[in-house]
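Worksheet: the structure to be examined is printed underneath.
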Amino acid sequence: MFDRNLPYNDLPLLPPEAELETKATLKQAIVASRAVADLRGKAGLIPNQRMMIDSIVLQEARMSSEIENIVTTNDELYRAAADMDGLFDSHTKEVLRYRQAIWYGYEQIQKRPLSVNLFVEIVRIIKQINMDVRKTTGTKLSGPNGETVYTPPEGDPILREKLSNLEQFIYAQEDIDPLIKLAVMHYQFEAIHPFSDGNGRTGRILNILFLVEQGLLDMPVLFLSHYILENKNDYYDGLRRVTEEGQWEQWILYILKGIEITAKETSAQIDAILGLMDVVKNVIREKAEKIYSKELLEMIFMHPYCKIKFLEQGGIAKRQTASTYLQTLAEIGVLRSEKIGRENYYINDALLHILMSR
Ligand SMILES: Nc1ncnc2c1ncn2[C@@H]1O[C@H](COP(=O)(O)OP(=O)(O)O)[C@@H](O)[C@H]1O
Ligand SMILES: [Mg+2]
Numbered sequence: 369m370f371d372r373n374l375p376y377n378d379l380p381l382l383p384p385e386a387e388l389e390t391k392a393t394l395k396q397a398i399v400a401s402r403a404v405a406d407l408r409g410k411a412g413l414i415p416n417q418r419m420m421i422d423s424i425v426l427q428e429a430r431m432s433s434e435i436e437n438i439v440t441t442n443d444e445l446y447r448a449a450a451d452m453d454g455l456f457d458s459h460t461k462e463v464l465r466y467r468q469a470i471w472y473g474y475e476q477i478q479k480r481p482l483s484v485n486l487f488v489e490i491v492r493i494i495k496q497i498n499m500d501v502r503k504t505t506g507t508k509l510s511g512p513n514g515e516t517v518y519t520p521p522e523g524d525p526i527l528r529e530k531l532s533n534l535e536q537f538i539y540a541q542e543d544i545d546p547l548i549k550l551a552v553m554h555y556q557f558e559a560i561h562p563f564s565d566g567n568g569r570t571g572r573i574l575n576i577l578f579l580v581e582q583g584l585l586d587m588p589v590l591f592l593s594h595y596i597l598e599n600k601n602d603y604y605d606g607l608r609r610v611t612e613e614g615q616w617e618q619w620i621l622y623i624l625k626g627i628e629i630t631a632k633e634t635s636a637q638i639d640a641i642l643g644l645m646d647v648v649k650n651v652i653r654e655k656a657e658k659i660y661s662k663e664l665l666e667m668i669f670m671h672p673y674c675k676i677k678f679l680e681q682g683g684i685a686k687r688q689t690a691s692t693y694l695q696t697l698a699e700i701g702v703l704r705s706e707k708i709g710r711e712n713y714y715i716n717d718a719l720l721h722i723l724m725s726r
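Quick note on my numbering: the sequence shown kicks off at 369 and runs consecutively.
And the structure:
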């Protein structure tokens, strides 16, 4: 029998015995896949994709960390993102490292498959310490009242065995719908809980890397943390009930629903951003025709907290002219200028509003 207080060394290997592709899960998988395909097309319309998507990645970094009670404000976060060497609190820095880990993983999967080594590299970036698969005993997951809800397996050989089984499952079993596979993979990673900390965040990064790896998306734009935050009890309950009751269907439906909702919300968000770019473009052309360029427009959408330095670095203008440009954009109401410390920021409030609107 499963005992919450004892290391769950009997965690079954994959694939699970239960039927994963039920009528209900297959139906939801179709709806979710369609939403993901639409999102993939939408994301393809974004100019300067990598830089622009960085803002969406940053929101994910904030929310995935928030699930783990690592909390920062948007203002602090965007300033920190604009000024990497500034002094910011440890939570903000941890959130920035999460973003860095996503991009690192994204680059890596262009060259190599998802593997345990990559998981370790990712958690090291997030935690910034030389972590490895747990060798010590005593890792436990506690509930809101401090009670133990789950004790993951222990012992290096056992963890390694379960991790390599997970690795194989990702690439074998091609008959399973990839979104259903993602749900299984996420449960299993969290149940193995290979690290002493950072498992939630690393597991959520694996989800997006898997979607890209499978060719369902080209860029990392689909992140479940917002959905999980809003349905946090179901997330914990879902994980727990797979372990305790073999309740796979409910868990898979939870994840598939999350994928559908998130894909639709993100598509709408991208629409809103592209629409705003168009509006802003027209405003600049009408009120400050002389300074308009496509590069300048894109720059203030790549950096919601823009600085003179970014224009210089982007080769748009030399310091004095760059300063005039941003000042002009503030005067015509496109940006809001704010001096914080010694730094002048030109803030794209309308963009931030869209980024935070979900
Ligand atoms: N009952 C459970 N069984 C398996 N995994 C769980 C359970 N409850 C929570 N989790 C997972 O554990 C994560 C927290 O683990 P932790 O290592 O502290 O992650 P992080 O450091 O990113 O905070 C949660 O986000 C969730 O994914
Ligand atoms: Mg933690």
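Each residue gets a CB set at the ideal place from its N, CA and C atoms; glycine is no exception.
Of the candidates I629, V552, R572, the residue whose Cα lies closest to the Cα of V610 is V552. The alpha helix (DSSP H) runs lying completely inside the stretch 518 to 597 and spanning 4 residues or more are 524 to 539, 546 to 560, 567 to 581, given in chain order. Apart from the 5 residues on each side of it in sequence, A469 sits with its Cβ closer than 7 angstroms to the Cβ of I490, I493, I494, I573 in its chain, given in chain order.
With a threshold of 7 angstroms, the Cβ atom of R467 does not count as near ligand 1, since no heavy atom of the ligand is closer than that. Under a 10 Å Cβ-count criterion, H721 is classified as exposed, with fewer than 16 other Cβ atoms of the shown protein chains found around its own Cβ.
Exposure of K686 is indicated by the presence of fewer than 16 other C-beta atoms within 10 angstroms of its C-beta. Applying a distance threshold of 5 angstroms between residue Cβ atoms and the heavy atoms of ligand 2 selects E436, D565, given in chain order.
Annotated three-state conformation of R726 is coil, per DSSP. Exclusion of the five residues before and after S483 leaves E535 as the residues of its chain whose Cβ lies within less than 7 angstroms of its Cβ. Here the stretch 597 to 608 does not lie against the stretch 446 to 463, with fewer than 3 beta-carbon pairs under 8 angstroms apart.
Excluding the 5 residues flanking it on each side, A656 has same chain C-beta neighbours closer than 7 angstroms at T696, I700, in chain order. Closest in alpha carbon position to G626, among K479, R430, I548, is I548. Short of 7 angstroms from the beta carbon of E666, and not among the five residues preceding or following it, lie these beta carbons of its own chain, in chain order: P415, N416.
With the rule of 3 Cβ pairs closer than 8 angstroms, the stretch 617 to 626 does not count as touching the stretch 646 to 662.
Rounded to whole angstroms, the gap between the alpha carbons of A403 and G709 is 43 angstroms. The three-state reading of DSSP puts K707 in strand, counting E and B together.
Membership of L482 in any alpha helix (DSSP H) is not indicated, and neither H nor E is assigned to it by DSSP. Between ligand 1 and R608, a heavy atom-to-CB distance of less than 7 angstroms is present.
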